[in-house]
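Note that the sequence shown covers residues 99 to 413 in the working numbering. Glycine residues also receive a C-beta, built at the ideal position from the N, C-alpha and C atoms. Written out below as structure tokens is the structure these notes cover.
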Amino acid sequence: MGTALSALVAQNGHKATIWTIEPDVVKIINNEHHNHKYLPKIELPAGVRATGDIAPALKQTNLVISALPTQVVASVVKNYVQNFTAAHLLLSVSKGFVKDTGETVCRRIRHIAPRVRVAALMGPLFANEIAAGVPCAAILAGANVGERGVFIDVLQSPVFRVQETDDVVGAEACGALKNIYAVFMGILAGLSYGWNTKSAFITKAIQEMAEVVEHLGGKRETVYGLAGLGDLVTTCFGEQSRNRRFGQALCKEKSIDKALQSVGQVVEGVKTLEVIDRVLKGYSGSLPLLKLIKRLVKSNGDPHTIIEQFFKKNM
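Listed below in structure tokens is the structure:
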């Protein structure tokens with residue numbers, strides 16, 4: 099995602115520097131204007147450069163887009179907190195809850211680096227489609243309208259449209275929760291369930307997401323927009339979705355580890371399942387579909403039987 103957004107920024111007439119810890123990626127981006135590892139078919143604009151040294155890069159700009167995996171965001175910000183100033187604006191596109199605390203990513207960053215002003219970019223965003231210029235829409239969540247505007251000016255183009263909201267908690271919670279339900283949609287696909295079944299469960303997923311978002315202090319309406327419904331549809335049904343692919347692989351491999359190896363990339367839905375009990379601490383509702391998904395991922399029982407018993411009781 100970092101490479102795709104860098105390409106978008108450069109296409110909009112700005113310079114963008116990608117920070118990566120992989121020397122080979124730095125060399126290829128700077129010499130060949132490609133990122134063969136993540137976006138092999140996309141030629142990057144001349145305004146995109148790469149570096150392995152984040153400190154000088156932070157001195158050269160006040161705008162930072164973080165596309166790090168959720169579970170490493172906190173450690174990276176801690177390691178470089180001295181390089182951030184009150185002038186920095188940081189936009190997170192990570193979708194998950196922090197494992198150690200159960201916090202959303204923006205909330206965790208604010209605790210570690212209180213001087214940094216933080217916002218989040220959420221919604222249905224497949225990186226290769228952004229980089230290829232396929233029309234898409236995102237939602238930028240930030241507490242301050244002026245700060246939201248700064249990022250919108252950099253990102254928005256005729257084919258990349260940006261809505262805005264002040265509901266940071268709700269938008270980030272949607273981005274994390276939909277990964278869990280996408281794993282389940284992958285399981286349904288792997289078990290060859292039909293569209294009627296999938297549609298019934300999608301409706302249930304939206305209902306549960308709204309309950310959790312409200313519990314966390316977000317706005318219910320956020321769930322029915324790009325951050326919730328929009329992202330849920332893309333992640334549940336898009337063939338590129340790692341969470342969906344993991345669910346399908348789980349049906350075939352019968353092992354979490356083997357299914358993860360099959361996907362070959364971070365599967366945020368699995369990470370979110372590991373921390374969801376901490377996130378929901380103090381919640382008194384039932385969330386039966388969420389419980390079903392946890393059972394399916396961890397259980398050796400017959401998935402058809404488990405799903406159909408659930409359907410009879412809860413739908």
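Please go through the same chain and pick out, in chain order, the residues whose beta-carbon is closer than 7 Å to the beta-carbon of V124, but skip the five residues on each side of it. Cβ neighbours of V124 beyond the five flanking positions: T118, A148, T149, G150.
Grab the span of the beta strand (DSSP E) containing T115 for me, first residue to last. Segment 114 to 117, the beta strand (DSSP E) holding T115.
Which same chain residues end up closer than 7 Å to A211 when comparing Cβ atoms and leaving out the 5 residues on each side of it in sequence? Within the same chain, and ignoring the five residues on either side of A211 in sequence, the residues whose Cβ sits closer than 7 Å to its Cβ are V175, V179, F182.
Quick check: what's the CA-CA separation for K296 versus A236? The alpha-carbon atoms of K296 and A236 are separated by roughly 25 Å.
L142 by DSSP, collapsed to three states: which one? Correct three-state label for L142: coil.
Using 9 Å as the threshold, is the C-beta distance between F195 and T370 below it? Taking 9 Å as the Cβ cut-off, F195 and T370 qualify as a contacting pair.
What ranges does the alpha helix (DSSP H) occupy inside the region 173 to 261, keeping only unbroken runs of at least 4 residues that lie completely in it? Considered as a whole, the region 173 to 261 harbours 203 to 210, 225 to 229, 243 to 253 as its complete alpha helix (DSSP H) runs of no fewer than 4 residues, in chain order.
Under three-state DSSP, which class holds A148? Strand at A148.
Rounding to the nearest angstrom, what Cα-Cα distance links D329 and E406 in this structure? C-alpha of D329 to C-alpha of E406: approximately 26 Å in a straight line.
For S164, which beta-bridge partners are listed by DSSP? The partner list for S164 (beta bridge, DSSP) reads S190.
Let me confirm a value: M413 is counted as buried when at least 16 other C-beta atoms fall within 10 Å, else exposed. Which label applies? Burial call: exposed.
Output yes or no for whether 9 Å exceeds the beta carbon distance between H134 and V162. No, these two residues do not count as a Cβ contact at 9 Å.
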